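Undergrad: Here you go, one structure.
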Amino acid sequence: MPSGTAPLVAAVTPHSPEHCCTRARRPRPLTAEEREAAVRQAAIDELTRDQRTVFVNQITAKVREKDLKRFFEKATGAPVKNVIMLRDKMTNRHRGFAYVEMQQLDSVPMALQYNNAVPDFQRFPIMVKASEAEKNYLAKEEKAVTAAANSALATAAAAAAAAAMPTGVRISNIHPVVGEDDLMTMVSAVGQVRSLTMDRAAVAAGAGAADVVFADPASVDACMEKLNGLDIGGRALQVARAPDSQQQAQQQQLLAQQAAAAAAAAVMAGNASGNWRLDDDTGSAGVAMNSNSRVALMAKLAQGKGLPAPEMMGMGGMGGMGMGMGMGGAQQAGVQQQPAMAPGVPPIGGTRSFCILIKNMYNAAEETEDGWELDIKEDTEAECSKYGPVLHSYVDAASPGGCVFIMFRHASAAAAAAAALHGRWFAQRMVTIDYVPPNTYVQRFPETGSAIASCSM
20 MPSGTAPLVA
30 AVTPHSPEHC
40 CTRARRPRPL
50 TAEEREAAVR
60 QAAIDELTRD
70 QRTVFVNQIT
80 AKVREKDLKR
90 FFEKATGAPV
100 KNVIMLRDKM
110 TNRHRGFAYV
120 EMQQLDSVPM
130 ALQYNNAVPD
140 FQRFPIMVKA
150 SEAEKNYLAK
160 EEKAVTAAAN
170 SALATAAAAA
180 AAAAMPTGVR
190 ISNIHPVVGE
200 DDLMTMVSAV
210 GQVRSLTMDR
220 AAVAAGAGAA
230 DVVFADPASV
240 DACMEKLNGL
250 DIGGRALQVA
260 RAPDSQQQAQ
270 QQQLLAQQAA
280 AAAAAAVMAG
290 NASGNWRLDD
300 DTGSAGVAMN
310 SNSRVALMAK
320 LAQGKGLPAP
330 EMMGMGGMGG
340 MGMGMGMGGA
350 QQAGVQQQPA
360 MAPGVPPIGG
370 TRSFCILIKN
380 MYNAAEETED
390 GWELDIKEDT
400 EAECSKYGPV
410 LHSYVDAASP
420 GGCVFIMFRH
430 ASAAAAAAAA
440 LHGRWFAQRM
450 VTIDYVPPNT
460 YVQRFPETGS
470 AIASCSM
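Going by our numbering, the first residue of the sequence shown is number 20, and it counts up by one from there.
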């Protein structure tokens with residue numbers, strides 16, 4: 020640069036105004052009122068999160084969180100705060116359902132209106148309902164109540180088992196000078212005495228006798244060891260276990276008390292929570308139990324021991340222990356019932372096979388987008404793969420009826436898919452299922468001849 024020529028760009032010094040303008044501005048610290056408002060808003064968001072969240076089901080495999088976020092924001096005109104898709108830990112593939120948390124509470128009813136609607140990101144309708152998070156809270160409470168009830172039953176069983184052991188002795192050959200108080204002093208030295216009864220007839224005959232019941236079964240052995248053969252006034256005491264009839268009466272009385280206490284504890288547990296399940300011996304899901312069925316169980320156990328059965332509660336005393344709404348007696352007993360076929364739905368056609376034909380899945384006349392057959396193929400495969408491996412699929416776009424052919428690896432998977440899809444509505448069309456014989460399937464699609472060898476009935 021020639022001497023004497025002014026520089027084209029002025030130098031920027033650290034203290035010049037230009038340098039100050041280029042520095043990032045620090046955020047203004049919040050005032051006490053702003054911090055308090057932020058904390059209050061966070062608390063409100065936490066309290067209303069469950070109410071602002073909807074549960075979305077029947078999502079195909081290719082759908083992502085951003086697709087759900089975009090759809091619900093467009094559908095409701097309100098922002099979506101968060102989307103959580105539940106995924107498999109091993110494959111990281113989502114399980115077909117998600118939780119969508121709306122930013123505003125008043126946008127939830129609008130989101131629920133899209134239940135059974137076909138979104139723009141897949142060709143199957145989605146199911147949208149409230150998150151029903153209160154069921155999770157009830158489930159946790161039910162587990163705690165179940166543990167308390169099981170603990171009460173275990174305690175009662177342990178007490179009943181202890182009561183089943185002999186706790187009574189018969190002391191005979193007692194000298195006439197030994198009174199009831201003297202004998203009580205002697206037997207109390209070996210253990211806690213629950214009752215002592217002098218046999219007046221034996222005393223009148225000149226050979227005193229008494230029946231003693233201890234609180235602890237171990238005291239019986241101690242009494243026989245220390246008092247049997249003890250010489251008092253020239254007579255040796257004879258100590259033996261109580262007769263079976265008397266001992267059985269004592270045991271029945273104690274068992275009845277324990278059974279009544281256990282039944283009362285179970286009924287109280289039923290007041291705090293709805294139904295709970297009793298695991299069966301096979302390790303399966305178990306039998307659903309409510310307060311009345313718990314009392315019935317205690318009655319059954321009591322009858323096995325020859326004890327009086329606890330009384331069954333009447334309907335008027337059920338109060339807060341209400342039966343599950345819409346549940347039949349068979350389901351209350353833990354028996355799973357098959358869903359009844361909706362009126363107007365024909366039965367599944369054909370005989371069981373690992374090949375099925377899905378009919379009325381689409382209307383080719385209404386499809387205008389390029390590659391719509393591929394979209395239906397992918398969506399159908401994703402839906403059917405929930406029930407088992409899919410080996411082949413074909414969208415018959417050239418024929419009427421909206422047909423999609425599916426070949427599963429296992430016939431059980433085909434049966435599960437047929438049961439789940441038959442009679443369902445997709446985009447205002449009811450889908451029906453027919454089984455396809457394997458030979459017929461291979462004749463139509465010869466390329467599946469090698470794959471059919473790996474299929475199983």
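Even glycine gets a Cβ: it sits at the ideal position worked out from N, Cα and C. All values reported here derive from a predicted model rather than from experimental measurement.
DSSP three-state call for Leu49: helix, strand or coil?
TA: Your numbering for residue 49 matches position 30 in the sequence shown. Leu49 falls in the coil class under three-state DSSP.
Undergrad: Please state the DSSP three-state secondary structure of Lys148.
TA: Position 129 of the sequence shown holds residue 148. Lys148 falls in the strand class under three-state DSSP.
Undergrad: If you run the structure through DSSP and keep just helix, strand and coil, what is Asp201?
TA: The residue you call residue 201 lines up with position 182 of the sequence shown. Asp201: helix per DSSP, three-state reduction.
Undergrad: So, Met104 versus Glu120, is the Cβ gap smaller than 8 Å?
TA: The count along the sequence shown starts at 1 and reaches residue 104 at position 85. The count along the sequence shown starts at 1 and reaches residue 120 at position 101. No, they are not a contact pair.
Undergrad: Starting from Ser431, trace the alpha helix (DSSP H) in both directions and tell me its first and last residue.
TA: Locating residue 431 in the sequence shown gives position 412, where the first residue counts as 1. Where Ser431 is concerned, the enclosing alpha helix (DSSP H) stretches over 430–440.
Undergrad: In this structure, how does DSSP classify Phe90 when only helix, strand and coil are distinguished?
TA: Your numbering for residue 90 matches position 71 in the sequence shown. In the structure shown, Phe90 sits in a helix (DSSP, three-state: H, G or I).
Undergrad: Should Arg112 be labelled buried (16 or more other beta-carbon atoms within 10 Å of its own) or exposed?
TA: Along the sequence shown, one-based indexing puts residue 112 at 93. Counting Cβ neighbours within 10 Å, Arg112 comes out exposed, since fewer than 16 surround it.
Undergrad: Near Arg114, which residues of its chain fall below 6 Å by C-beta distance, leaving aside the five closest residues on each side in sequence?
TA: Within the sequence shown, residue 114 is the residue found at index 95, counting from 1. For Arg114, where only same-chain residues beyond five positions count, the Cβ hits under 6 Å are Leu105.
Undergrad: Ordered along the chain, which non-local residues of its own chain (more than five positions away) have a Cβ less than 7 Å from that of Phe445?
TA: On the sequence shown, residue 445 is found 426 positions in, with the first residue counted as 1. So the qualifying residues of the chain are Phe143, Pro144, Met380.
Undergrad: Under the three-state reduction of DSSP, which class applies to Glu120: helix, strand or coil?
TA: Mapped onto the sequence shown, residue 120 falls at position 101. Three-state result, Glu120: strand.
Undergrad: With DSSP as the reference, identify every bridge partner of Ala259, one or two as the case may be.
TA: In the sequence shown, the residue the question calls residue 259 occupies position 240. According to DSSP, which records beta bridges pairwise, Ala259 is partnered with Arg189.
Undergrad: Looking at the structure shown, is Lys396 part of a helix, part of a strand, or coil, going by DSSP?
TA: In the sequence shown, residue 396 corresponds to position 377, counting from 1. The answer is helix: DSSP assigns Lys396 an H, G or I state.
Undergrad: Exposed or buried, Glu402, counting other C-beta atoms within 10 Å across all chains shown (16 or more means buried)?
TA: Mapped onto the sequence shown, residue 402 falls at position 383. Glu402 is buried by the Cβ-count criterion.
Undergrad: Report the rounded CA-to-CA distance for Asn134 versus Pro48, giving the unit in angstroms.
TA: To locate residue 134, count along the sequence shown from 1; it is residue 115. To locate residue 48, count along the sequence shown from 1; it is residue 29. So the two alpha carbons sit approximately 45 Å from each other.
Undergrad: Can you grab the Cα-Cα spacing for the pair His429 / Asn76, in whole Å?
TA: Residue 429 sits at position 410 when you count from the first residue of the sequence shown. Residue 76 sits at position 57 when you count from the first residue of the sequence shown. Between His429 and Asn76, the C-alpha separation is close to 25 Å.
Undergrad: Considering Asn111, what are the terminal residues of the beta strand (DSSP E) in which it resides?
TA: For the purposes of this step, residue 111 is taken as residue 92 along the sequence shown, with counting starting at 1. It is not in any beta strand (DSSP E) - Asn111 carries neither H nor E in the DSSP assignment.
Undergrad: Measure the beta-carbon distance from Lys248 to His194 and round it to whole angstroms, keeping in mind my assumption that it falls under 8 Å.
TA: The count along the sequence shown starts at 1 and reaches residue 248 at position 229. The count along the sequence shown starts at 1 and reaches residue 194 at position 175. A small correction: the amino acid at residue 248 is Gly; Lys does not occupy that position in the sequence shown. So it is not a contact: roughly 14 Å between Cβ atoms.
Undergrad: So if DSSP puts Trp391 in a beta bridge, which residue, or which two residues, is it bridged to?
TA: Residue numbering aside, residue 391 sits at position 372 when the sequence shown is read from its first letter. DSSP, once it has assigned bridges, lists no residue as partnering Trp391.
Undergrad: Label Gly468 either buried or exposed according to how many other C-beta atoms from any shown protein chain fall within 10 Å of its C-beta, with 16 as the threshold for buried.
TA: Numbered from its first residue, the sequence shown carries residue 468 at position 449. Gly468 should be labelled exposed.
Undergrad: Work out the CA separation of Arg54 and Tyr406 for me, nearest whole Å.
TA: By 1-based counting over the sequence shown, the position of residue 406 is 387. By 1-based counting over the sequence shown, the position of residue 54 is 35. Spanning the two alpha carbons is a distance of roughly 51 Å.
Undergrad: Secondary structure at Tyr460, three-state DSSP: helix, strand or coil?
TA: Position 441 of the sequence shown, counting from 1, holds the residue named residue 460. Helix at Tyr460.
Undergrad: Whole angstroms is fine: what's the gap from Pro185's alpha carbon to Asp250's?
TA: For this step, residue 185 is matched to residue 166 along the sequence shown. For this step, residue 250 is matched to residue 231 along the sequence shown. Pro185 and Asp250: Cα-Cα distance of roughly 25 Å.
Undergrad: My output table needs one value for Ile471: the three-state DSSP class, helix, strand or coil.
TA: Counting from 1 along the sequence shown, the entry for residue 471 is found at position 452. Of the three classes helix, strand and coil, the one that applies to Ile471 here is helix, per DSSP.
Undergrad: What did DSSP end up calling Arg71 once you bin it into helix, strand or coil?
TA: Along the sequence shown, read from residue 1 onward, the residue named residue 71 stands at position 52. Arg71: coil per DSSP, three-state reduction.
Undergrad: Starting from the C-beta of Met476, find all residues in its chain whose C-beta is less than 6 Å away, skip the five residues before and the five after it, and write them out in chain order.
TA: The residue labelled residue 476 in the question sits at position 457 within the sequence shown. So the qualifying residues of the chain are Ala430.
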